[in-house]
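Residue numbers (this note's numbering), protein chains in the order written: chain A, 87 to 372; chain B, 87 to 372.
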């Protein structure tokens with residue numbers, strides 16, 4: 087088990103790690119280049135972003151699987167609430183349903199959902215979470231019919247204003263249990279939760295089949311940019327092994343997804359170098 | 087009670103709000119100017135920073151009290167652990183004891199303690215917290231003999247790497263209860279805890295006389311700088327009234343201390359304008 091986990095087959099690659107996340111960053115590889123490079127190194131799978139699919143979700147999904155890789159995830163629907171979401175929650179639901187359709191075409195194993203910030207003028211995290219739960223609950227049957235699992239991702243509390251009013255695993259477990267649907271679970275990301283000493287305790291409150299993703303990177307001790315300065319595993323101070331153990335003890339047995347947003351470092355490098363570094367770090371650090 | 091709380095007498099001013107926190111910021115008022123300006127507006131008290139005292143702690147303390155103001159706090163000892171603390175924990179203890187002596191001279195009602203980040207190479211928040219608890223426990227009797235209360239302040243999780251391995255009220259309550267000393271308690275700061283839906287539940291685990299400070303500002307929805315872009319009450323999205331109610335229900339009856347680090351906005355303004363704005367916001371928002 088320990089040996090298997092230290093091989094590239096224990097991890098999937100989120101394309102954001104190769105700089106695909108923002109225009110102007112990264113080498114601009116095509117999905118096909120990413121697929122070939124990941125297959126050559128024996129990774130378990132790939133998680134894509136919607137902007138990379140351009141109407142080719144079915145084709146890219148089949149291409150990935152025929153290369154021997156899983157499509158572990160898709161990122162992500164538009165924000166559901168908050169200052170950067172549609173003012174009308176019916177519009178938010180529509181955006182979520184449309185992205186579920188794309189995930190179904192891709193046959194992605196899960197769709198990562200980042201919920202959006204606190205509703206403007208509300209001053210209420212609870213009220214914002216209630217609105218999120220309502221939208222997600224209304225989309226859940228549609229997700230199930232497309233065989234898409236919705237992975238609610240609690241973000242670091244620093245993003246509560248503009249990106250995610252869902253900022254703790256505790257609140258995410260509450261929401262998941264409240265919705266109580268087979269296709270609504272969690273994604274746990276090292277970057278967002280590494281500081282939370284209640285992680286194991288909170289995940290115990292969740293059915294063991296409800297962790298739909300585990301994302302890894304590292305937290306740099308002196309983080310220069312709160313969005314785009316994530317560390318590669320081994321370069322920071324998070325107890326990645328300990329966190330992985332907690333998530334596995336809570337029932338997760340899928341691959342760990344490497345997701346490193348790094349405008350000032352890793353996105354400036356050749357994607358082949360980045361992938362080779364990940365292979366090395368998985369063997370030595372993970 | 088509600089009326090009293092909405093008067094300037096319900097709040098104290100942390101001098102950092104006037105840009106005293108960093109060289110080159112703010113109007114550079116002397117402690118005497120701050121004292122006179124706060125007394126004229128009927129605030130409850132002032133919290134100072136050690137760098138402002140320059141060996142005049144006794145004099146400044148007496149000057150504050152003779153103007154009818156309380157010295158609600160002093161900020162702060164050197165970091166106890168982490169990348170920006172002395173490598174030797176005996177040195178950290180020495181720094182803490184020396185700052186306690188300054189607080190005693192000032193007759194400050196509490197000394198705010200920011201504990202420092204995760205110990206380098208440790209990858210262990212728990213181990214770092216254990217080291218902090220050990221140092222604080224060893225200083226507690228000295229603090230009591232100087233009539234200084236040590237207010238452990240949990241910082242926002244975004245600071246865990248370099249400023250505070252103590253990042254949740256839960257962990258701070260645990261540490262306080264574990265040390266179990268009359269002069270070791272908490273400071274609760276809106277900026278650091280506003281996102282935490284367990285605040286009331288956690289404070290219930292604390293003896294009702296152990297909240298030594300309540301710091302207020304606001305969290306701006308789109309925060310541009312994670313250290314120096316705090317909002318004035320009313321300009322952000324934190325439920326300040328709700329948080330105050332929680333802290334009061336947990337037993338705190340002292341003044342709320344306004345602490346706004348704002349290099350790009352409030353520190354650029356005339357301190358008189360800043361103080362007038364606080365008077366207005368206390369009446370309308372707080």
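Just so it is clear, CB atoms sit at the ideal spot from N, CA and C, and this is done for glycine as well.
{"Asked": "Does residue 220(A) get closer than 7 Å to chain B when you measure Cβ to Cβ?", "Found": "no"}
{"Asked": "For residue 102(B), tell me which candidate among 355(B), 364(B) and 344(B) has the shortest Cα-Cα distance.", "Found": "344(B)"}
{"Asked": "Would you call residue 174(A) buried or exposed, if buried means 16 or more other Cβ atoms sit within 10 Å of its Cβ?", "Found": "exposed"}
{"Asked": "Could you have a look at residue 343(A) and say whether DSSP puts it in helix, strand or coil?", "Found": "strand"}
{"Asked": "Between residue 129(A) and residue 98(A), how many whole angstroms is the CB-CB distance? I'm expecting something under 8 Å.", "Found": "6 Å"}
{"Asked": "Per the contact definition of three or more C-beta pairs closer than 8 Å, is the stretch 169-188 of chain B in contact with the stretch 223-241 of chain B?", "Found": "yes"}
{"Asked": "On the DSSP bridge assignment, give the partners of residue 100(B) in chain order.", "Found": "133(B)"}
{"Asked": "Pull up the CB-CB distance for residue 214(B) and residue 244(B), whole angstroms please, since I reckon it's below 8 Å.", "Found": "So it is not a contact: roughly 16 Å between Cβ atoms."}
{"Asked": "Could you please give the first and the last residue of the uninterrupted alpha helix (DSSP H) stretch that includes residue 179(A)?", "Found": "175-192"}
{"Asked": "With respect to 6 Å, is the separation between the Cβ of residue 345(B) and the closest non-hydrogen atom of the ligand GDP below this value?", "Found": "This structure lacks the ligand GDP, and indeed carries no ligand of any kind."}
{"Asked": "Rounding to the nearest angstrom, what Cα-Cα distance links residue 176(B) and residue 217(B) in this structure?", "Found": "11 Å"}
{"Asked": "From the DSSP output, which residues share a beta bridge with residue 299(A)?", "Found": "273(A)"}
{"Asked": "Apart from the five residues just before and just after residue 372(B), which ones in its own chain have a Cβ nearer than 8 Å to its Cβ?", "Found": "91, 92, 96, 97, 302, 319, 326, 327, 330 and 342"}
{"Asked": "Of the residues 252(B), 148(B) and 291(B), which one's Cα is nearest the Cα of residue 279(B)?", "Found": "252(B)"}
{"Asked": "DSSP three-state label for residue 363(B), please.", "Found": "helix"}
{"Asked": "With DSSP collapsed to three states, give me the class of residue 311(B).", "Found": "coil"}
{"Asked": "For chain A, find out if any of its Cβ atoms is closer than 7 Å to the Cβ of residue 308(B); answer yes or no.", "Found": "yes"}
{"Asked": "Sorted by chain position, which residues of the same chain lie with C-beta nearer than 6 Å to residue 242(A)'s C-beta, five sequence neighbours on each side aside?", "Found": "278"}
{"Asked": "Given that a residue counts as buried once 16 or more other Cβ atoms are within 10 Å of its Cβ, and exposed if not, what is residue 158(B)?", "Found": "buried"}
{"Asked": "For the stretch 320-354 of chain A, which residues have a CB atom closer than 9 Å to at least one CB atom of chain B, in sequence order?", "Found": "322, 323, 324, 325, 326, 327 and 328"}
{"Asked": "Would you check if the distance between the CB atom of residue 368(A) and the CB atom of residue 94(A) is smaller than 7 Å?", "Found": "yes"}
{"Asked": "For residue 247(A) and chain B, any beta-carbon pair shorter than 7 Å?", "Found": "yes"}
{"Asked": "Curious, which full-length alpha helix (DSSP H) runs of at least 4 residues does the stretch 187-236 of chain A contain?", "Found": "211-231"}
{"Asked": "Using the three-state DSSP reduction, which class does residue 160(B) fall into: helix, strand or coil?", "Found": "strand"}
{"Asked": "Determine the burial state of residue 354(B): buried for a count of at least 16 other Cβ atoms within 10 Å of its Cβ, exposed for fewer.", "Found": "exposed"}
{"Asked": "Residue 257(B) touches chain A at which residues, Cβ-Cβ below 8 Å?", "Found": "283"}
{"Asked": "Do you know how far the Cα of residue 257(A) is from the Cα of residue 282(B)?", "Found": "10 Å"}
{"Asked": "Please list, in chain order, the chain A residues whose beta carbon lies closer than 9 Å to that of residue 312(B).", "Found": "244, 309 and 312"}
{"Asked": "Quick check on DSSP: helix, strand or coil for residue 268(A)?", "Found": "coil"}
{"Asked": "Given a cut-off of 7 Å on the beta-carbon distance, is the pair residue 247(A) and residue 323(B) in contact?", "Found": "yes"}
{"Asked": "Return yes when the Cβ of residue 155(A) is within less than 7 Å of the Cβ of residue 197(A), no when it is not.", "Found": "no"}
{"Asked": "For the alpha helix (DSSP H) holding residue 167(B), just list the boundary residues, first then last.", "Found": "Element bounds for residue 167(B): n/a, residue is neither H nor E."}
{"Asked": "Looking at C-alpha atoms only, which residue of 223(B), 299(B), 179(B) and 222(B) is the closest neighbour of residue 276(B)?", "Found": "299(B)"}
{"Asked": "For residue 329(B), does the three-state DSSP call read helix, strand or coil?", "Found": "helix"}
{"Asked": "In angstroms, rounded to a whole number, what distance separates the CA positions of residue 136(B) and residue 199(B)?", "Found": "12 Å"}
{"Asked": "Which two residues bound the contiguous alpha helix (DSSP H) that contains residue 124(A)?", "Found": "117-127"}
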